[in-house]
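Residue numbers (my numbering): 33 to 282.
Heads up, the beta-carbon is just placed ideally off N, CA and C, and yes, glycines get one too.
Below is one structure; the comments refer to it alone.
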Ligand SMILES: [Mg+2]
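Below is the structure:
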């Protein structure tokens with residue numbers, strides 16, 4: 033399996049199934065898709081299976097990429113724990129139990145107590161989102177100003193050090209660094225990579241015909257579980273993603 037680090041490297045290989053991360057890949061963080069990207073993605077949908085993969089809830093994904101892609105793309109929401117087919121049918125939805133949610137909230141409580149200084153100027157009600165299959169904890173607020181979010185932890189060092197100081201020692205659950213400011217909590221092993229492999233199995237898609245494009249394929253990034261599942265392409269942001277799509281549709 034190949035892990036490309038530049039759009040040019042992947043030249044020449046033709047894929048049938050193309051998976052995309054959303055935040056910082058198809059769009060900026062929690063931002064609407066740009067018209068050029070939208071047009072290119074529409075063209076891609078005409079010849080390939082396009083799968084949109086995100087830690088976000090499906091409503092947020094439609095908001096960002098545009099609901100006009102409904103019926104044209106497959107969606108793996110909440111890191112793939114909620115899967116929707118191209119014909120809009122639900123494929124699976126792995127909801128968390130109350131006990132599982134409690135365990136996650138306890139870890140969030142520990143972080144909040146030990147890193148009090150981070151939470152002085154935030155909207156209390158905007159930090160934790162129960163997404164059903166996943167709980168997402170943003171350290172500055174899910175709807176905080178974008179520039180503030182992008183400035184918060186661009187190198188992911190802060191969140192990495194928090195998890196080093198306060199590891200989440202659950203037997204059945206795990207936490208991953210997600211998006212620009214958050215931690216994603218979900219069932220152990222039920223990450224993007226696992227759920228992508230489940231979708232590929234479900235449809236009988238071949239590994240060699242599939243590629244995943246994302247901005248966080250580095251170790252510890254929220255796309256790193258896809259390494260080893262199919263070919264991957266690391267992009268720096270939407271500009272490079274657009275360049276990759278342009279190659280595929282040209
Ligand atoms: Mg991303």
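Three-way DSSP call (helix, strand, coil) for residue i in this model
i, result
"residue 49", "strand"
"residue 249", "coil"
"residue 125", "strand"
"residue 274", "helix"
"residue 169", "strand"
"residue 147", "coil"
"residue 263", "strand"
"residue 153", "coil"
"residue 158", "helix"
Within-8 Å CB hit, residue i to chain C
i, result
"residue 121", "Given the protein chain composition of this structure (a single chain), no chain C is represented."
Test item: CB-CB of residue i and residue j under 8 Å
i, j, result
"residue 205", "residue 115", "no"
"residue 69", "residue 260", "no"
"residue 123", "residue 51", "no"
"residue 16", "residue 109", "Lying outside 33 to 282, the shown extent of the chain, residue 16 is not represented and no answer is given."
"residue 39", "residue 279", "yes"
"residue 82", "residue 105", "yes"
"residue 195", "residue 184", "no"
"residue 224", "residue 258", "yes"
"residue 48", "residue 247", "no"
"residue 120", "residue 103", "yes"
"residue 273", "residue 76", "no"
"residue 254", "residue 208", "yes"
"residue 154", "residue 131", "no"
"residue 61", "residue 182", "yes"
"residue 210", "residue 168", "yes"
CA-to-CA distance, residue j to residue i, given in whole angstroms
i, j, result
"residue 53", "residue 213", "16 Å"
"residue 217", "residue 113", "12 Å"
"residue 134", "residue 146", "19 Å"
"residue 151", "residue 111", "26 Å"
"residue 117", "residue 245", "19 Å"
"residue 141", "residue 177", "24 Å"
"residue 56", "residue 263", "19 Å"
"residue 201", "residue 74", "43 Å"
"residue 164", "residue 127", "5 Å"
"residue 160", "residue 139", "12 Å"
"residue 219", "residue 143", "19 Å"
"residue 137", "residue 277", "39 Å"
"residue 226", "residue 252", "16 Å"
"residue 41", "residue 275", "12 Å"
"residue 228", "residue 37", "20 Å"
"residue 45", "residue 270", "21 Å"
"residue 125", "residue 166", "11 Å"
"residue 87", "residue 63", "14 Å"
"residue 180", "residue 236", "43 Å"
"residue 129", "residue 250", "31 Å"
"residue 95", "residue 67", "14 Å"
"residue 190", "residue 80", "38 Å"
"residue 215", "residue 93", "18 Å"
"residue 256", "residue 100", "29 Å"
"residue 198", "residue 157", "23 Å"
"residue 243", "residue 265", "7 Å"
Query raised in the report: At which residue ranges does the segment 38-121 contain complete alpha helix (DSSP H) runs of 4 or more residues, listed in the order of the chain?
Result: 67-79 and 90-97, all fully within the segment 38-121.
Query raised in the report: Residues with a Cβ closer than 7 Å to any heavy atom of ligand 1, in chain order?
Result: One residue list follows from the rule of a beta carbon closer than 7 Å to any heavy atom of ligand 1, given in chain order as 53, 54, 55, 56, 57, 211, 246, 247, 248, 254 and 255.
Query raised in the report: Of all the beta strand (DSSP E) runs that stay within the bounds of the segment 184-241, which reach a length of 3 or more residues?
Result: With a minimum length of 3 residues, the continuous beta strand (DSSP E) runs that stay inside the segment 184-241 are 205-210 and 214-219.
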